[in-house]
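K.L.:
Can you read through this structure? Questions will come right after.
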Amino acid sequence: MLECLPFRMIQEMGYMPNIKQQVKRTRKSEEQRRRNRSVKSALKTQLKKFEAAMAAGNRESAVEEFARASRALDKAASKGVIHSNKAANKKSRMARSLAGLG
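Each residue of the sequence shown is one higher than the one before, starting from 434 at the first, in our numbering.
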């Protein structure tokens, strides 16, 4: 029954692994999960800001937000939060939409 639950739920229920290395691995996994979640959240925010600037039709702010979103995508890809190809594809799509705003 416990195998199908995420570790943080098991931990909240009061269960802990007996093996020392598994305790560390579990702790590190939770740290990585939180870090990845934070990076993903910041990335989504930047992408939404770019989309809002595009929807407003303001080219100057869209160019500025494109630079910020592009940097956020590169950072997320370098940290392994998203795949590098996904970052490249998103940047390409954003650049095409920005060129269409012209």
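Where a beta carbon is used, it is the ideal one built from N, C-alpha and C, also for glycine.
If we ignore side chains and look at the alpha-carbon of each, how far apart do residue 514 and residue 472 end up?
P.N.:
Taking the sequence shown and counting its residues from 1, the one referred to as residue 514 is at position 81. Taking the sequence shown and counting its residues from 1, the one referred to as residue 472 is at position 39. A straight line joining the alpha-carbon of residue 514 with that of residue 472 spans about 7 Å.
K.L.:
Decide if residue 479 is buried, meaning its Cβ has at least 16 other Cβ atoms within 10 Å, or exposed.
P.N.:
For the purposes of this step, residue 479 is taken as residue 46 along the sequence shown, with counting starting at 1. Buried, because 16 or more other Cβ atoms sit within 10 Å of the Cβ of residue 479.
K.L.:
Would you check if the distance between the CB atom of residue 520 and the CB atom of residue 510 is smaller than 8 Å?
P.N.:
Against the sequence shown, residue 520 aligns to sequence position 87. Against the sequence shown, residue 510 aligns to sequence position 77. Cβ atoms of residue 520 and residue 510: closer than 8 Å.
K.L.:
Shorter than 7 Å, the distance from the beta carbon of residue 498 to the closest heavy atom of the ligand ATP, or not?
P.N.:
The ligand ATP is absent from the structure shown, which contains no ligand whatsoever.
K.L.:
Taking only the alpha-carbon atoms, compute the straight-line gap between residue 508 and residue 517 and give it to the nearest angstrom.
P.N.:
In the sequence shown, residue 508 corresponds to position 75, counting from 1. In the sequence shown, residue 517 corresponds to position 84, counting from 1. Approximately 10 Å, taken between the alpha carbons.
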